[in-house]
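Taking it in order: structure first as structure tokens, then the write-up.
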Amino acid sequence: LVILFLLSMFQCNTSFFLSDGLVIIGVHSAKFPNEKVLDNIKSAVLRYNIVHPVVNDADATLWHELEVSCWPTLVILGPRGNMLFSLVGEGHKEKLFLFTSVALKFYKERGQIKDNSIGIKLYRDSLPPSPLLFPGKVTVDNSGERLVIADTGHHRILVTQKNGQILHTIGGPNSGRKDGRFSEASFNSPQGIAIKNNVIYVADTENHLIRKIDLDLEIVTTVAGIGIQGVDKEGGAKGEEQPISSPWDVVFGNSVSETQEDDVLWIAMAGTHQIWALMLEGGKLPKGSDLKKGTCLRFAGSGNEENRNNTYPHKAGFAQPSGLSLASEEPSTVRTISLKDGAVKHLVGGERDPLNLFAFGDVDGAGINAKLQHPLGITWDKKRKLLYVADSYNHKIKVVDPKTKNCATLAGTGEASNVIGSSFTQSTFNEPGGLCTTNNHQIKVLDLETKILSMLPILNPEMCDVPDHLPVQKDKTANLPKLPKSAPNIQLHPLTVAPGQTIQFLLKLTLPPDSTLNEEAPNAWFITAEGKVLVLFYQLNRSR
Numbered sequence: 010l011v012i013l014f015l016l017s018m019f020q021c022n023t024s025f026f027l028s029d030g031l032v033i034i035g036v037h038s039a040k041f042p043n044e045k046v047l048d049n050i051k052s053a054v055l056r057y058n059i060v061h062p063v064v065n066d067a068d069a070t071l072w073h074e075l076e077v078s079c080w081p082t083l084v085i086l087g088p089r090g091n092m093l094f095s096l097v098g099e100g101h102k103e104k105l106f107l108f109t110s111v112a113l114k115f116y117k118e119r120g121q122i123k124d125n126s127i128g129i130k131l132y133r134d135s136l137p138p139s140p141l142l143f144p145g146k147v148t149v150d151n152s153g154e155r156l157v158i159a160d161t162g163h164h165r166i167l168v169t170q171k172n173g174q175i176l177h178t179i180g181g182p183n184s185g186r187k188d189g190r191f192s193e194a195s196f197n198s199p200q201g202i203a204i205k206n207n208v209i210y211v212a213d214t215e216n217h218l219i220r221k222i223d224l225d226l227e228i229v230t231t232v233a234g235i236g237i238q239g240v241d242k243e244g245g246a247k248g249e250e251q252p253i254s255s256p257w258d259v260v261f262g263n264s265v266s267e268t269q270e271d272d273v274l275w276i277a278m279a280g281t282h283q284i285w286a287l288m289l290e291g292g293k294l295p296k297g298s299d300l301k302k303g304t305c306l307r308f309a310g311s312g313n314e315e316n317r318n319n320t321y322p323h324k325a326g327f328a329q330p331s332g333l334s335l336a337s338e339e340p341s342t343v344r345t346i347s348l349k350d351g352a353v354k355h356l357v358g359g360e361r362d363p364l365n366l367f368a369f370g371d372v373d374g375a376g377i378n379a380k381l382q383h384p385l386g387i388t389w390d391k392k393r394k395l396l397y398v399a400d401s402y403n404h405k406i407k408v409v410d411p412k413t414k415n416c417a418t419l420a421g422t423g424e425a426s427n428v429i430g431s432s433f434t435q436s437t438f439n440e441p442g443g444l445c446t447t448n449n450h451q452i453k454v455l456d457l458e459t460k461i462l463s464m465l466p467i468l469n470p471e472m473c474d475v476p477d478h479l480p481v482q483k484d485k486t487a488n489l490p491k492l493p494k495s496a497p498n499i500q501l502h503p504l505t506v507a508p509g510q511t512i513q514f515l516l517k518l519t520l521p522p523d524s525t526l527n528e529e530a531p532n533a534w535f536i537t538a539e540g541k542v543l544v545l546f547y548q549l550n551r552s553r
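My numbering numbers the first residue of the sequence shown as 10 and each following residue consecutively.
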């Protein structure tokens, strides 16, 4: 018995096995051109931890042969390749399990099913270890001193200094769903993150939860969701009693009450194509009634997958919203929601037809003339009053001026690779997600003042292998070369690196005014290191 499914994460793996006579094959029929590229499909298989064979149906051959009309579609084939049953859309788990068990029993009784094992080598087993694995989103605290990174592929949250030094590792490396201390808490493919003071909120996407991390108490708790995917499109219950569906991003905001700040957590609810709100304090939403603290409910979006704007937030339509404020990935548009009256408006990308979710491309321009391809992340620059968009499938970072509605390429060539060039436009990305490069497993820094792109090193990556931060052991003092008594002794802060990590440093020696080196006398500089292996590449620039 064979189950083919198209673009759907599948839970049948854990209930039926090859020994039962069942084979599961994923068929990837792409919507976006970027999704037809084999390397990008490999990345998706790794990102979503898929452990069954996946076929690249780049030309939609099977799509047309099986008369498929939408994603996801599940098709059950009999031992002779005969089509038995098909299911369209999500939410058919019980029907699928029931029909599969009946079909297996039917063919087993007739001796038409073999239970031979099939050797499958997982692509992920051949990958080298990496400090980050498909990081989803990244944010910075108000001071600008700390970064919070959703290390999605490792199912954990990293808190680092702005130089990349790890302060906390929370969760990982395996998926799970557990509250508690940092040493025992777990996540499942976390995405969106928001930090204020020492509290972090996390969109725990595959667990269908909103989690709260208290950095002072070092405790993780659940504040919304029940741990299974919900179908409720209205909400209104207390957070931990309210089912939610695939939250993808979170951001702080204000209710219409003028007495409190950041009293609402806005949630991009990709699973129901809506924007939800979690009331962190009692308050009132635009065009709504008073709400108690902890209430979780729909704010905007009808739940229909479409690209519809409306002055009434409940009548607007989104398609898998994945970034706040507000990126809609399937119609490839950037939209705005007024927090005064809830009106949903178009900013850039997409098409006028609200049902056209195929208006994508890579075109700089204004308003509807601009085209994006599956944008996943967005952030607001308070200083410059500009939006920055991770145009994921175009492998670019784009900048949007809300006043003129102009959208232009800021960084990236459009090539999916990992090059740090001499300028933004000569550098490359690979499906940037939350304004961090996802498939390169890196965080890259775009300096908007100098126009220089650099990579953020994850310092002390060995701390990623344990649930919480470890004390750094002090190395024994090395035997330093003898120096003249008059030589200054300058000591810098110690730096701990992982095995195999490359460190670049610049040693700049300055002489007093009107002084030069005596070329007839011996001049030297030394470098000492502990350990058995030291590989040093250096370039000496000497000027008089």
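Glycine residues also receive a C-beta, built at the ideal position from the N, C-alpha and C atoms. Since this is a predicted model, take the numbers as computed values, not measurements.
Practice problem: Indicate the three-state DSSP secondary structure (helix, strand or coil) for residue 157 in the structure shown. | Solution: Under the three-state reduction of DSSP output, residue 157 falls in the strand class.
Self-check item: Separation of residue 133 from residue 358, as counted between CA atoms
Solution: 35 angstroms
Quiz prompt | Nearest-angstrom Cβ-Cβ length linking residue 504 and residue 175, presumed shorter than 8 angstroms | solution = That belief does not hold up - the Cβ atoms of residue 504 and residue 175 are roughly 13 angstroms apart, past 8 angstroms.
Quiz item: residue 454: buried (16+ other C-beta within 10 angstroms of its C-beta) or exposed?
Solution: exposed
Exercise. Measure the C-alpha to C-alpha separation of residue 432 and residue 73 and round it to an integer number of angstroms.
Key: 44 angstroms
Quiz item: So, helix, strand or coil for residue 29, using DSSP?
Solution: helix
Quiz prompt | Inter-residue spacing [alpha-carbon to alpha-carbon] between residue 149 and residue 383 | solution = 24 angstroms
Exercise. Let me know if residue 213 comes out buried or exposed under the rule of 16 or more other beta-carbons within 10 Å of its beta-carbon.
Key: With 16 or more Cβ atoms within 10 Å of its Cβ, residue 213 is classed as buried.
Practice problem: Less than 8 angstroms between the CB atoms is what I'm expecting for residue 346 and residue 309, so what's the real figure, rounded? | Solution: 6 angstroms
Quiz item: Roughly how many angstroms lie between the CA atoms of residue 29 and residue 56, to the nearest whole one?
Solution: 28 angstroms
Quiz item: What did DSSP end up calling residue 319 once you bin it into helix, strand or coil?
Solution: strand
Quiz prompt | Same chain, Cβ closer than 7 angstroms to residue 194, five either side skipped, listed in chain order | solution = 179, 180, 187, 188, 229
Quiz prompt | Classification of residue 79 by the beta-carbon crowding that lies within 10 angstroms, buried from 16 upward | solution = exposed
Exercise. Examine the Cβ distances between the stretch 49 to 65 and the stretch 80 to 91 and report whether three or more of them are shorter than 8 angstroms.
Key: At 8 angstroms Cβ cutoff, the stretches do not touch.
Practice problem: Can you tell me the Cβ-Cβ gap for residue 35 and residue 64, rounded? I've got them flagged as a contact below 8 angstroms. | Solution: Confirmed, about 7 angstroms.
Self-check item: Where residue 199 falls: helix, strand or coil (DSSP)
Solution: strand
Exercise. Could you work out which residue in 253, 201, 522, 424 is closest to residue 239 when comparing CA atoms only?
Key: 253
Quiz prompt | Cβ-based burial, residue 38 [other Cβ within 10 Å; buried from 16] | solution = buried
Quiz item: Expressed to the nearest angstrom, what Euclidean distance is found between the alpha-carbon atoms of residue 68 and residue 46?
Solution: 11 angstroms
Quiz item: If you pair each beta-carbon of the stretch 395 to 404 with each one of the stretch 419 to 437, do three or more pairs fall below 8 angstroms?
Solution: Judged by Cβ distances under 8 angstroms, the stretch 395 to 404 makes contact with the stretch 419 to 437, as three or more pairs qualify.
Quiz item: Using 8 angstroms as the limit for Cβ to Cβ distance, is residue 270 near chain C?
Solution: Given the protein chain composition of this structure (a single chain), no chain C is represented.
Practice problem: Taking only the alpha-carbon atoms, compute the straight-line gap between residue 122 and residue 199 and give it to the nearest angstrom. | Solution: 39 angstroms
Quiz prompt | Spatially closest choice to residue 93 from 124, 141, 113, by CA coordinates | solution = 113
Quiz prompt | Residue from 106, 280, 394 whose Cα sits closest to the Cα of residue 330 | solution = 280
Quiz item: Do the stretch 157 to 164 and the stretch 134 to 148 make contact, defined as three or more Cβ pairs closer than 8 angstroms?
Solution: Under the three-pair Cβ rule at 8 angstroms, the stretch 157 to 164 counts as touching the stretch 134 to 148.
Practice problem: Assign residue 380 to buried or exposed, taking buried as 16 or more other Cβ atoms, counted over all protein chains shown, within 10 Å of its Cβ. | Solution: With 16 or more Cβ atoms within 10 Å of its Cβ, residue 380 is classed as buried.
Quiz item: What did DSSP end up calling residue 213 once you bin it into helix, strand or coil?
Solution: Strand.
Quiz prompt | Nearest-angstrom Cα separation, counted from residue 129 out to residue 61 | solution = 8 angstroms
Quiz item: Mind checking whether residue 285 and residue 306 have CB atoms under 8 angstroms apart?
Solution: Contact: yes.
Quiz item: CB residue 265 to CB residue 294, shorter than 8 angstroms?
Solution: yes
Self-check item: Where residue 259 falls, given that 16 or more other Cβ within 10 Å makes a residue buried
Solution: By the neighbour-count definition (other C-beta atoms within 10 Å, threshold 16), residue 259 is a buried residue.
Practice problem: Could you please give the first and the last residue of the uninterrupted alpha helix (DSSP H) stretch that includes residue 226? | Solution: Secondary structure note for residue 226: it is in no alpha helix (DSSP H), with a DSSP letter that is neither H nor E.
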